[in-house]
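Some notes on the structure that comes next.
Numbering (full-length UniProt numbering), first residue to last: 1 to 571.
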């Protein structure tokens, strides 16, 4: 998985090329360019012709969703004071929505669910009596028992009374315009609206569709080795890109927690035995973060550090790049606490030419202290008693002076040759050392300047559509076949992949029990098998089932649109 804060098309092309070579699924989530028609460019024949959907809050209970959502932005001052109230109200709203089935409400297209943030926005609406109160009145013992089957009927009634009591207390506070709860709810609605109504998204991509082949699911990506790219250009949307990146990292933490408790089921799905300590049945999952410094703030830094702390034992390998360490140092007004915490978790450090002396000193300190020996000559002085013809003669003896210094001297990283792609490589695996190619570490050979050479990389300016038409068609066919297989597997509730990814049997059985004043959630389309069209309803809330009728034609005339139009089964 790659989070690219540059929004570089070359990254998408290269990752799609890698997915095609290895026969893996490829999904690309992108923010909308600020200029242009809004048409999504298909950058590789193997890539889907439409942008992928993503909803980082689709999985989890009210507590986990509230934590992820509210921690996706840095908070200070008054916002920090409102955080506890915002978490309590958001958790309450999502939990009640799950119990009544309101969170499974179908959107305007009549086929797909509204996103988790749309659920929250509607639940916190203050119009008339408010949706939160209406849904609280719609609670019933039956729905609570289906969601919590271990409870007795009496316990379910107590649970309902407790939830309704909390709703009444919140509603009373909302009527006081100056209360902390009212301000917290107002702030939460504004934050949710930032996501839901943002013009930075391709319409409808921040949500959940019916076709898994067009939906990013991080648990599924880890299990199946899918290659996923999030293009979040921070130079265009600096704050919004940071918010989205933070939510993705928090979602990945949630996925890690889920997988940690389901290793036996995953081992059965993959057909491999359970390993020993810190081993996983799935292969390592690499998370690449490009240009972290472009979208660094306290929220994203905390999310990244927590991910690194909690994910090593489940096979998550994080690779972070930044132009300058100074960008991370400025997160806490130059104190450097976040930077030191991050450097303390790093196992391997690759350094190209550095322009800042402060950054150079950080690299030198990271390399560790060693005992260096310096040779000195021993000389003798002879003279006569009249102090004439005084001179010195060498004794041909050498003494070694030992001194504790950093392994890599200050100034080394600044002196690297950029044109020659010179680099330094410091590792802590299995122990702290500088990587050498000519001889092992030792006296007078504590570090080596390496030269980086690219391998298996496409040529500069690589255009995958320059290939032969038959090759391009083969790429499209391979991607389509892989997507169709995924859709078919996740259409079967008895499949192991479905059970691992969905993991919400109780929630699926929740049927809305509505009071006369409550909202009746339409769940008629939920549970239907994915449509034959692989990427149905990709980004248009009012689209028909056949998405290709509403998607602008691909730049290439032989695109997937032509393929679909010629296949009557997909109409």
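The beta-carbon is built from N, C-alpha and C at its ideal position, and this holds for glycine as well. Keep in mind that this is a model prediction, so the values were computed, not measured.
Nearest-angstrom beta carbon gap, residue j and residue i [assumed within contact, 8 Å]
i, j, result
"residue 229", "residue 55", "17 Å between Cβ atoms; not a contact."
"residue 449", "residue 407", "With 8 Å as the limit, residue 449 and residue 407 do not qualify as a contact, their Cβ atoms being about 13 Å apart."
"residue 38", "residue 232", "Rounded, the Cβ-Cβ distance is 17 Å, inconsistent with contact."
"residue 465", "residue 45", "7 Å"
"residue 500", "residue 269", "6 Å"
"residue 144", "residue 159", "6 Å"
"residue 282", "residue 315", "6 Å"
"residue 573", "residue 227", "No information on residue 573 is available, as it lies outside the stretch 1 to 571 that the chain covers here."
"residue 413", "residue 363", "5 Å"
"residue 180", "residue 90", "Actually they are not in contact, since the Cβ atoms of residue 180 and residue 90 sit about 14 Å apart, beyond 8 Å."
"residue 433", "residue 402", "So it is not a contact: roughly 19 Å between Cβ atoms."
Three-state secondary structure assigned by DSSP to residue i
i, result
"residue 452", "coil"
"residue 2", "strand"
"residue 372", "strand"
"residue 172", "helix"
"residue 177", "coil"
"residue 39", "coil"
"residue 257", "helix"
"residue 457", "coil"
"residue 401", "strand"
"residue 442", "strand"
"residue 215", "strand"
"residue 210", "coil"
"residue 311", "helix"
"residue 22", "helix"
"residue 531", "Note that residue 531 scores 48 on pLDDT, short of 50, meaning its location in the model is unreliable and no value can be drawn from it."
"residue 59", "coil"
"residue 414", "coil"
"residue 12", "helix"
"residue 297", "coil"
"residue 573", "Because residue 573 is not part of the residues shown, which for the chain are 1 to 571, the question remains open."
"residue 538", "Per-residue confidence for residue 538 stands at a pLDDT of 35, beneath the threshold of 50, marking its modelled position as unreliable; the derived number appears in the next sentence. In the structure shown, residue 538 sits in coil (DSSP, three-state: anything other than H, G, I, E or B)."
"residue 279", "coil"
"residue 162", "helix"
"residue 193", "helix"
"residue 186", "helix"
Segment limits, beta strand (DSSP E) that includes residue i
i, result
"residue 27", "26 to 30"
"residue 231", "227 to 231"
"residue 472", "That residue, residue 472, is in no beta strand (DSSP E); its alpha helix (DSSP H) goes 469 to 490."
"residue 266", "Counting along the chain, residue 266 falls outside any beta strand (DSSP E), though it belongs to the alpha helix (DSSP H) covering 263 to 270."
"residue 465", "No beta strand (DSSP E) holds residue 465; DSSP gives it neither H nor E."
"residue 421", "Here residue 421 belongs to no beta strand (DSSP E), and DSSP marks it neither H nor E."
"residue 318", "316 to 320"
"residue 288", "285 to 290"
Segment limits, alpha helix (DSSP H) that includes residue i
i, result
"residue 69", "62 to 70"
"residue 343", "337 to 345"
"residue 357", "357 to 366"
"residue 349", "Unbroken run through residue 349 is the beta strand (DSSP E), 348 to 351; no alpha helix (DSSP H)."
"residue 328", "326 to 329"
"residue 502", "496 to 502"
Are the region 215 to 224 and the region 64 to 76 touching by the rule of at least three beta carbon pairs closer than 8 Å? No: the two stretches stay apart, fewer than three of their Cβ pairs being nearer than 8 Å.
Could you check whether the region 113 to 122 touches the region 194 to 211, counting it as contact only if at least three pairs of C-beta atoms, one from each stretch, sit closer than 8 Å? Judged by Cβ distances under 8 Å, the region 113 to 122 makes contact with the region 194 to 211, as three or more pairs qualify.
With a cut-off of 8 Å, do at least 3 Cβ pairs link the region 234 to 244 to the region 291 to 307? Yes: at least three Cβ pairs fall under 8 Å.
List, from N- to C-terminal side, the alpha helix (DSSP H) runs of 4 residues or more that fit wholly inside the region 75 to 159. Those alpha helix (DSSP H) runs which fall completely within the region 75 to 159 and span 4+ residues are 78 to 100, 116 to 123, 131 to 137 and 141 to 147.
Say whether the region 438 to 445 touches the region 357 to 364, bearing in mind that this needs 3 or more beta-carbon pairs closer than 8 Å, one atom from each stretch. Verdict: no, contact absent.
Check whether the region 16 to 36 and the region 307 to 315 touch, using three or more Cβ-Cβ pairs below 8 Å as the test. The region 16 to 36, when compared against the region 307 to 315, does not touch it at the 8 Å Cβ threshold.
With three or more beta-carbon pairs closer than 8 Å as the criterion, would you say the region 257 to 272 touches the region 484 to 494? No, because fewer than three Cβ pairs between the region 257 to 272 and the region 484 to 494 fall closer than 8 Å, the two stretches do not touch.
Would you say the region 8 to 17 touches the region 180 to 188, given that touching needs at least three Cβ pairs under 8 Å? In short, these stretches do not touch, since the Cβ pair count stays below three.
Should the region 251 to 266 be called in touch with the region 333 to 352, which here means at least 3 C-beta pairs below 8 Å? Under the three-pair Cβ rule at 8 Å, the region 251 to 266 does not count as touching the region 333 to 352.
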